[in-house]
Each structure stands twice: as C-alpha cells, then as structure tokens.
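Undergrad:
Protein chains: 2
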Amino acid sequence: MGLRFDPTRPIYLQIMEWIKRQAVRGVLRPGDRVPSVRDLARELQVNPNTVARAYRELEREGFLFTLRGQGTFITRDAARLARERQRLLEQAVQHFLEGLRELQPSPEEAERLMEILRRQLHDDR
Amino acid sequence: MGLRFDPTRPIYLQIMEWIKRQAVRGVLRPGDRVPSVRDLARELQVNPNTVARAYRELEREGFLFTLRGQGTFITRDAARLARERQRLLEQAVQHFLEGLRELQPSPEEAERLMEILRRQLHDDR
DNA sequence: CATAGTGTACTACCGGAATAGTACACCGAC
DNA sequence: GTCGGTGTACTATTCCGGTAGTACACTATG
C-alpha cells in the first residue's frame with residue numbers, strides 16, 4: 014500500500030488522486046473493480062465515510078461508476094484515462110517549471126538539474 | 014501581488030512558503046522588513062490573524078525575527094537562505110521525478126518532456 | 001506628551017474535514 | 001429465503017482553519 018498522506022490536504026482528495034494515478038498508469042484497468050469502501054478504509058486506516066466521499070466525487074466526475082450491491086469500478090472509457098494521463102503529465106511539467114522559475118537557477122545549476130533528470134529518467138526502468 | 018491560493022491547503026502555510034520563496038530568490042533580502050500584519054492582510058484579502066500566524070511560525074523556524082513596535086524582518090543569516098534555496102530546488106526535482114515515475118512515460122514521451130524542459134530553462138531569461 | 005503604527009494575545013463564532021455509529025436497499029451465492 | 005458483502009444516507013461529535021473584533025505593550029515621530 015503505497016500511500017502517504019499529506020497532513021495539510023484533505024484525505025478524500027488524496028484518495029481521489031491516488032485512484033486516478035493507479036488507473037492512469039494501468040495498475041487499475043478500465044472496468045476493474047476498486048476495493049470496497051470498507052476494505053479500503055481499513056487498509057488506509059481512515060473512516061469508511063472518507064473513502065465513500067472520494068468514490069462519490071470520482072463518480073460525479075465520470076471516473077468511476079457503481080453497481081449497487083456489487084461494487085465500484087473504473088470507467089470503461091479508455092480515452093478518458095488517456096486524457097487524464099496527459100493532463101497529469103502536463104501538470105507535472107508545469108508545476109516543476111513554475112517552481113524552478115521562482116528560484117531562478119543559474120545556467121550552471123540549470124545544467125546540473127537537467128543532468129540529474131536525464132539520468133533518473135533513463136535509469137529507473 | 015503574485016499569490017494565488019490553493020483552496021485545498023491552509024492559507025497560513027501558503028503565505029509562509031510565499032515569503033520563503035521571495036526571500037530565497039532575493040526579492041526580499043536579509044534584514045529586509047516584510048509588510049506589516051495588517052498591510053499584508055489587506056493586500057491578500059485575508060484576516061490579520063492568518064498573516065500573524067504565518068509570521069509567528071516563520072519566526073519559530075528562525076526565518077524571520079521581530080522588533081516589537083517596529084516590524085518583522087527577514088533573518089540576516091544569509092547562509093540560512095542559501096540552504097533553504099537548495100532545499101527548495103532539490104524538493105522540486107524530487108517531486109517532479111516522483112510524479113513522472115508514477116506515470117511511467119515511454120522513452121519517447123520522456124525525450125519529449127526533456128526537450129520541453131530544456132527549451133523553457135534556456136528561454137525565459 | 002500625544003499619536004500612529006508595530007506585533008501580540010484573547011474571545012467568540014462559523015464552516016469543513018474527519019470520525020463514529022447506525023440503518024437501509026441492493027446483489028450474488030448458498 | 002437467508003446471509004454476507006456491496007454502496008448509500010443520516011446524525012452526532014471533534015478538531016482545526018479562518019474570520020471578526022477588541023485590547024494591550026511597544027516604538028518612532030512629532
């Protein structure tokens with residue numbers, strides 16, 4: 014269970030993002046069932062209401078759908094997931110650039126950072 | 014006034030980070046006075062208590078110091094600021110890499126991202 | 001001295017996040 | 001039908017962030 018909560022942000026939002034990331038990277042595939050509200054709550058050590066809220070919001074977004082009495086499932090709309098993945102990628106780059114711009118790294122620092130990034134991106138698979 | 018609040022995180026934390034960024038990038042220099050609690054509160058459209066809390070925490074961290082009746086000031090410890098700057102840089106890279114790793118970009122995507130980063134880092138100054 | 005501008009402390013109140021507990025309707029399998 | 005597992009709805013409670021308002025001690029300026 015790889016989920017560490019940021020204590021400064023609502024848990025239900027972090028659960029939502031966590032589910033999205035798992036679906037987007039293929040750990041959860043279109044049509045897959047996500048854990049039951051009670052199971053996930055026990056696993057994450059949070060209240061079932063909190064998980065239920067995350068599921069509810071994700072369903073409102075069309076990211077999940079539920080079958081009463083059966084469970085909650087990842088949308089079967091693969092294009093939806095692909096779009097979300099693209100959005101997350103762009104957002105990550107955007108965030109990073111904004112953060113850097115504010116710190117105004119020198120050309121040397123910038124070069125050093127790029128080197129680190131290049132190494133990491135090619136190493137870890 | 015370039016500060017947009019993320020509604021999912023406490024305002025006082027975002028003010029703290031904002032001050033730090035300004036100090037670290039030299040907009041605010043060691044020993045400079047920061048706006049009064051009331052002024053900044055009016056400028057950011059928040060309650061003076063919220064700004065006061067941000068200042069209080071930053072003073073507890075040794076990042077600010079106050080002179081009663083005069084105002085609140087950036088620490089004169091330049092090394093402290095340099096260390097903070099380094100910390101923010103590393104944190105930005107770390108965050109970015111974690112975000113990417115989760116999305117598992119293909120080699121082609123990774124190459125495209127690096128290209129975007131390189132262009133942005135060399136362009137915008 | 002008086003005044004205005006500092007930070008600071010305090011009370012009161014409101015709203016949202018999270019917890020705890022209970023209950024209900026639905027589905028599948030025995 | 002019964003039973004266990006689903007999602008869902010609801011109330012009550014606690015905690016914390018944020019707001020509002022007041023008051024006080026300090027400093028610089030005049």
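First to last, the sequence lines map onto chains A and B. Here this note's numbering is used: the first residue of the first sequence is 14, the next is one more, and so on. Here this note's numbering is used: the first residue of the second sequence is 14, the next is one more, and so on. Every residue gets a Cβ at the ideal spot worked out from N, C-alpha and C, and that includes glycine.
Would you decide whether B:R138 is buried or exposed? Buried here means 16 or more other CB atoms lie within 10 Å of its CB.
TA: Here B:R138 scores only 48 on pLDDT, less than 50, and its place in the model should not be relied on; the value that follows carries that caveat. Per the 10 Å Cβ criterion, exposed.
Undergrad: Classify B:Q21: buried if its beta carbon has 16 or more other beta carbons within 10 angstroms, exposed otherwise.
TA: The amino acid occupying residue 21 of chain B in the given sequence is Thr; Gln does not appear at that position. Exposed: under 16 other Cβ atoms inside 10 Å.
Undergrad: Our contact map puts B:E40 next to B:I87 with C-beta atoms below 8 Å; I'd like the distance itself, whole angstroms only.
TA: Checking the sequence, you will find Val at residue 40 of chain B rather than Glu. 10 Å between Cβ atoms; not a contact.
Undergrad: Under 7 Å, CB to CB, which of the residues in the stretch 14 to 44 of chain A have a partner in chain B?
TA: Contacts with chain B (Cβ-Cβ distance below 7 Å) from the stretch 14 to 44 of chain A involve T21, R22, P23, L26, R34, V37 and R38, listed in chain order.
Undergrad: Tell me, please, whether the stretch 127 to 135 of chain B touches the stretch 61 to 79 of chain B by the rule of three or more beta-carbon pairs shorter than 8 Å.
TA: no
Undergrad: Taking DSSP's pairing of strands, which residues face A:L80 in a bridge?
TA: According to DSSP, which records beta bridges pairwise, A:L80 is partnered with A:G84.
Undergrad: On a Cα-Cα basis, can you pick out the residue from B:L113, B:L102, B:L134 and B:H135 that is closest to A:D136?
TA: Nearest option by C-alpha distance: B:L113.
Undergrad: If you follow the alpha helix (DSSP H) that B:V64 is in, where does it begin and where does it stop?
TA: P61 to R73
Undergrad: According to DSSP, simplified to helix, strand and coil, what is B:R42?
TA: DSSP places B:R42 in coil when its eight states are reduced to three.
Undergrad: With burial defined as no fewer than 16 other Cβ atoms inside 10 Å of the residue's Cβ, what is the status of A:Q58: buried or exposed?
TA: exposed
Undergrad: Less than 7 Å between CB atoms is the rule here; does A:F76 satisfy it with respect to chain B?
TA: no
Undergrad: State yes or no: is the beta carbon of A:A67 nearer than 7 Å to at least one beta carbon in chain B?
TA: no
Undergrad: Return no unless some Cβ of chain A is closer than 7 Å to the Cβ of B:Q99.
TA: no
Undergrad: Determine, using beta carbons only, whether A:L110 comes closer than 7 Å to chain B.
TA: yes
Undergrad: From the DSSP output, which residues share a beta bridge with B:V47?
TA: For B:V47, the pairing in a beta bridge is given by DSSP as B:T85.
Undergrad: Can you tell me whether B:L80 is buried or exposed, with buried defined as 16 or more other CB within 10 angstroms of its CB?
TA: B:L80 is exposed by the Cβ-count criterion.
Undergrad: Using a cut-off of 8 Å between C-beta atoms, extract the partners of A:A123 located in chain B.
TA: L134 and H135
Undergrad: Using a 10 Å radius around the Cβ and a threshold of 16 neighbouring Cβ atoms, would you call A:A95 buried or exposed?
TA: exposed
Undergrad: Measure from the C-beta of A:A105 to each C-beta in chain B and report whether the shortest distance is under 7 Å.
TA: yes
Undergrad: Counting only beta-carbon separations shorter than 7 Å, does B:E70 have a partner in chain A?
TA: Chain A places no beta carbon closer than 7 Å to that of B:E70, leaving this residue out of the contacts.
Undergrad: Go through its chain and collect everything with a Cβ distance to B:R17's Cβ below 8 Å, but skip five positions before and after it.
TA: The beta carbon of B:R17 is closer than 8 Å to none in its chain, skipping five residues each way along the sequence.
Undergrad: At least one CB of chain A closer than 7 Å to the CB of B:L94: is that the case?
TA: no
Undergrad: According to DSSP, is B:F109 part of a helix, a strand, or is it coil?
TA: helix
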